[in-house]
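Peer 1: Residue numbers (the numbering used here): 8 to 230. Backbone N, C-alpha and C define an ideal beta-carbon position, used for all residues, glycine too.
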Ligand SMILES: NC(=O)c1ccc[n+]([C@@H]2O[C@H](COP(=O)([O-])OP(=O)(O)OC[C@H]3O[C@@H](n4cnc5c(N)ncnc54)[C@H](OP(=O)(O)O)[C@@H]3O)[C@@H](O)[C@H]2O)c1
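#1: Starting from the N-terminal side, write out each stretch of the beta strand (DSSP E) that is 3 residues or longer and does not extend beyond the segment 92-179.
#2: Just tell me which of 47, 73 and 46 has its CA closest to the CA of residue 168.
#3: Are three or more beta carbon pairs between the segment 176-188 and the segment 122-142 nearer than 8 Å?
#4: Under three-state DSSP, which class holds residue 210?
#5: Report yes if the C-beta distance between residue 117 and residue 68 is below 7 Å; otherwise report no.
#6: Quick one: what does DSSP say residue 199 is sitting in, helix, strand or coil?
#7: For the structure I just gave you, are there three or more beta carbon pairs, one from the segment 77-88 and one from the segment 39-57, closer than 8 Å?
#8: DSSP beta-bridge partners for residue 32?
#9: Nearer than 6 Å: is that true of the beta carbon of residue 115 relative to any heavy atom of ligand 1?
#10: Where in the segment 9-81 do unbroken runs of the beta strand (DSSP E), each at least 3 residues long, occur, reported from the N-terminal end onward?
#11: Have a look at residue 112 and residue 65 and give me their C-alpha separation to the nearest angstrom.
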């Protein structure tokens, strides 16, 4: 579907990081881009507020969800199940609810793009919450691609990308993590939000792509 002045896109999680990169890329095209997150008053955990939000916007062409980067790390024996559940409530159940409530408003030819992460399919001890949550998003999106057809549903799986998601880390530790990752990834770099945004635009634009998981991870899954 070509973008025109009537095209409406929504990026939930678009106030920061990868979502912000996607909303900036979409903003260079004709049409309207709505950016939403808790700081604009939309909490993806709240079904009622999602339903009202989509109702208030009306017809939509493209929904992109990048919300919810936080998840506890640690071994299965060490992570409190309640903390793991909270992360799922935001990213997994929030993404599913956003897709569910947006779908009735999406115009023919439109799309929904969710976000997982390379740990969905890379086995790293101490990361089981992200692994489980992102794997569940990828699996559910494939079911959605059938149930919500002809709306196209795809997933972008980012690798390590330099965003606010790591803002809470000690600066020295953050720089060292990014440097280490860049040295060890086949691509020789960590991701930028603009590297990622190109993947979202690809699945939004390609009318033959649905039920797909696109890895934009610098080669994390082959290293
Ligand atoms: N960066 C990476 O290395 C990496 C790697 C793999 C996967 N990913 C995935 O990529 C996605 C984007 O990550 P990012 O690095 O861009 O994160 P980020 O910079 O932390 O941005 C996260 C966005 O989600 C919004 N958000 C958080 N909780 C929300 C809620 N309950 N309701 C609505 N919005 C909410 C935040 O805004 P508010 O605070 O205003 O709500 C913010 O706009 C996440 O799903 C993350 O798991 C990232």
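Peer 2: The structure says:
#1: 113-122 and 159-165
#2: 73
#3: no
#4: helix
#5: yes
#6: coil
#7: no
#8: In DSSP, residue 32 forms no bridge with anything.
#9: no
#10: 15-19, 39-43 and 67-72
#11: 6 Å
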